[in-house]
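Quick note on numbering: UniProt numbering labels position 183 of the sequence shown as 183, and the sequence is numbered without any gaps.
All residues carry an ideal CB built from backbone N, CA and C; glycine is no exception.
Nothing here was measured: the structure is a model prediction, and the numbers come from that model.
To start, the structure under review is shown below, and the notes come after it.
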Amino acid sequence: MHKKKLSSLDRLYYIPMNNHKWFFQHRLSAIAVLLLVSMNNKKTYSATAQQSLLLLGDDKFDYSANNPLPSAAAAAASASSKCALLNLVVDETDSMKQQTEWLKQRAIPQLVKRLHSGNDGYYHYDYDLVFVCGNGFGKTGSRRSDEETLLYRFMGCTIANANGTLQDDSVAAWDHSAKKPQDGWLAMRNAMEHVPAEIEGIDLLATCQQKLDRTLILLTDNDRDDETKSLTLEGLKNLISQNGYILDAIVKTEIDDDLDNFALKISDSSGDQNTIFTADGNGGWTTQSRNEAFVNFVDGYKDTPEDYIPFVVESRGMVWNGKSLEHGIRENPSLLESFTNHFVQQKVDQLSKSQATGDPHITTWKNEHFEYHGQCDLVMMKDPNFADGLGLDVHIRTKIVRYWSYIKSVAIRIGNDILEIEGSADTDDSEAHYWINYEYQGELESVAGFPVTQTLPSVYKRRYTIDLSSKYYGNQISIHIFNEFVSVAFGGGKEAFGNTVGLLGDFDTGKTLARDGVTVMHDFTDLGDEWQVLASEPNIFHEMSEPQFPNQCIHPEDPNGDRKRRLLEADISLEQAEEACAILKDPLFIKDCTFDVMATQDLAMVGAY
1 MHKKKLSSLD RLYYIPMNNH KWFFQHRLSA IAVLLLVSMN NKKTYSATAQ
51 QSLLLLGDDK FDYSANNPLP SAAAAAASAS SKCALLNLVV DETDSMKQQT
101 EWLKQRAIPQ LVKRLHSGND GYYHYDYDLV FVCGNGFGKT GSRRSDEETL
151 LYRFMGCTIA NANGTLQDDS VAAWDHSAKK PQDGWLAMRN AMEHVPAEIE
201 GIDLLATCQQ KLDRTLILLT DNDRDDETKS LTLEGLKNLI SQNGYILDAI
251 VKTEIDDDLD NFALKISDSS GDQNTIFTAD GNGGWTTQSR NEAFVNFVDG
301 YKDTPEDYIP FVVESRGMVW NGKSLEHGIR ENPSLLESFT NHFVQQKVDQ
351 LSKSQATGDP HITTWKNEHF EYHGQCDLVM MKDPNFADGL GLDVHIRTKI
401 VRYWSYIKSV AIRIGNDILE IEGSADTDDS EAHYWINYEY QGELESVAGF
451 PVTQTLPSVY KRRYTIDLSS KYYGNQISIH IFNEFVSVAF GGGKEAFGNT
501 VGLLGDFDTG KTLARDGVTV MHDFTDLGDE WQVLASEPNI FHEMSEPQFP
551 NQCIHPEDPN GDRKRRLLEA DISLEQAEEA CAILKDPLFI KDCTFDVMAT
601 QDLAMVGAY
């Protein structure tokens, strides 16, 4: 027999045979391939053999298992683990050494520690398990021979410890010996395909029944070399979304000709409501809107903007300026600190989804914040086709206190069941205040078949979780009570919430749309009034409260003047409020918290976050 030259398909699926991590996690498939190799005693493998390597056995993570649990297991899902998967796709050329070290030594450890944290910042993260998968791409081996060429390599997956370290460092042992061509599209696709069903002996679907949040991080300083003609941008972008990943691309771009502009969130390709993140010189950042198409103010290395930026348009992900990262590493520590701090916070917030809290601070699907000061019943979200036609309505009831308002109660309808929850201003009152189908403190086990759990972190706090996993794997609705203040958070993806409308905006674009689904509303008082519950919509609270449509929402008189007066009379200073809220890290959350502390004159309001 003569030696067969590797085809392009062979090269795409070739996996290094000396990778012990891969062998452990894919041992059945590895044995099958070794048998094929021993039969022809060659180092080259046919496409058939390599496809067998990928497909033999049941050791690949099943992305299609959005509802993997039998009914009994689904009911017990609240007792299972909350997990996150960080899938890292790194360009292994020599020019990427410093950026890769930043990812390994700073970004990932900080991100892992934040995810494991029990009560750090605006969200209660409390991840039980964080998994990390490593992938490298670029041409390796002899330039004169296709036989040893690797365009991609899977380096394995491991568990990240609460202190930020990895149980197996080899999954992040990028060696930077690669050359061109560099096909980042291929690498992202293969990175998703190679996630095993078990990592370090832990079955992902069986263990992570409560939640398995997934993020894909691409790091490269080159544009894409197309070595996979079968891949299309639209097809790969859809695959990333279908597999439940949020992609952040750290690529060689320049945002508005300023290296201090280190990140960009793109609402849509036409340019409406884009947000630029700019380093402030002190390790923090500021934001500015840029309402025009990103191609008008974003440049990059060769075809980088065209190759990679479209993947994050109209998604929860962002594009990060690789040139800013490189400049920060080499000569601007403050810029690097801003880049790192925001990268970590953004990734955690992406996994935590949307919510409303406090003096209604609404966080849209794109993690943009706005306030609504008014009193009425509001449509936070609705979808008549939710869960195969059961339908979903989430209404919040706000109440004015002087110049500010807060969420007094929330009512959630799924199918024929309604759960209403409110807080209590009485600090001695630790009872649960809820109505299930209008019955006060009725038996509460589920809403429309979705399990409901209650936890009591402290006498002032109570938490309710509606687990949607039996229909939408890993998705949930959480209600948090802090004294009389109610907040609502939605953890999930497009499958569950992609068709919702309301105060949270459009799921794909983040646009704050009017009821007509077309008009974008930038005045948030008008937006809130627009989404007042109408007479034609169900009234799902157990009792009526004024105002009700057609009476308009009530607004505070001269809120700015009253606010200034109160600030002058305040016992708690603005500096004290900012200091108390500084533990929240994200400037937008700090701003929300600071306002609430000043409005209530209660430093304990930090606990609501």
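Of the candidates N282, A249 and N341, the residue whose Cα lies closest to the Cα of P305 is A249. Counting every other CB atom within 10 Å of its CB across the protein chains shown gives A496 a total of 16 or more, marking it as buried.
When DSSP states are grouped into helix, strand and coil, V112 belongs to the helix group. For the pair S324 and A160, the Cα-to-Cα distance works out to about 27 Å.
The beta carbon of F386 lies closer than 6 Å to those of L392 in the same chain, with the five residues before and after it left out. As the crow flies, the alpha-carbon of S81 is around 6 Å from that of T207.
Take the alpha-carbon of L115 and the one of S478: they are about 18 Å apart. Using a 10 angstroms sphere on the CB of G491, the tally of other CB atoms reaches 16 or more, which defines it as buried. Taking a 10 Å sphere around the C-beta of V394, we find 16 or more other C-beta atoms and assign the residue as buried. Unbroken alpha helix (DSSP H) stretches of 4 residues or longer found wholly inside the stretch 266 to 349: 304 to 308 and 322 to 331, given in chain order. For I477, no alpha helix (DSSP H) encloses it; the enclosing beta strand (DSSP E) starts and ends at Q476 to F482.
Rounded to whole angstroms, the separation of the alpha carbons of A107 and E422 is 39 Å. Shown here for T500: same chain residues with a beta carbon closer than 6 Å to its own, the five before and five after excluded, namely M381 and D383 in chain order. As computed with DSSP, E254 is found in a beta bridge with D299. For A187, the number of other beta carbons within 10 angstroms of its own is at least 16, and it is reported as buried.
A197 and S545 have their C-alpha atoms some 51 Å from each other.
Around the beta carbon of E575, fewer than 16 other beta carbons sit within 10 angstroms, so the residue counts as exposed. DSSP, reduced to helix, strand and coil, places R463 within a strand of the structure shown. Here F450 is near I466, since their CB atoms are less than 7 Å apart. Shown here, Q552 sits in coil according to DSSP, grouped into three states, outside any helix or strand.
In this structure, DSSP gives D169 a helical state, which the three-state scheme calls helix. Comparing alpha carbon positions, the residue from D426, D417 and V401 closest to I436 is D417.
Excluding five sequence positions before and after L390, the CB atoms of its chain that fall closer than 7 Å to its own CB belong to I414, G415 and A448, given in chain order.
Around the Cβ of E484, a 10 Å sphere holds 16 or more other Cβ atoms; the residue is buried. Under the criterion of beta carbons closer than 8 Å, N135 and N190 qualify as touching, at roughly 7 Å.
Ranked by Cα distance from K104, the first of T278, I276 and T340 is T340. With respect to the 7 Å criterion, K139 and A178 are classified as neighbours on the basis of their beta carbons. Assignment of V597 by DSSP, reduced to helix, strand and coil, places it in the helix class. Nearest neighbour of G284 by Cα position, chosen from K302, V344, T232 and Q476, turns out to be V344. Short of 7 Å from the beta carbon of L351, and not among the five residues preceding or following it, lie these beta carbons of its own chain, in chain order: A84, D213 and T215. For D307, the CB contacts under 6 Å within the same chain, skipping 5 residues up- and downstream, are D223 and R224 in chain order. Only buried fits L204, as 16 or more other CB atoms lie within 10 angstroms of its CB.
Taking the Cα positions, D258 is about 10 Å away from N321. About 6 Å separates the Cβ atoms of Q167 and E200, confirming a contact at the 8 Å cut-off. The three-state secondary structure of F370, taken from DSSP, is strand.
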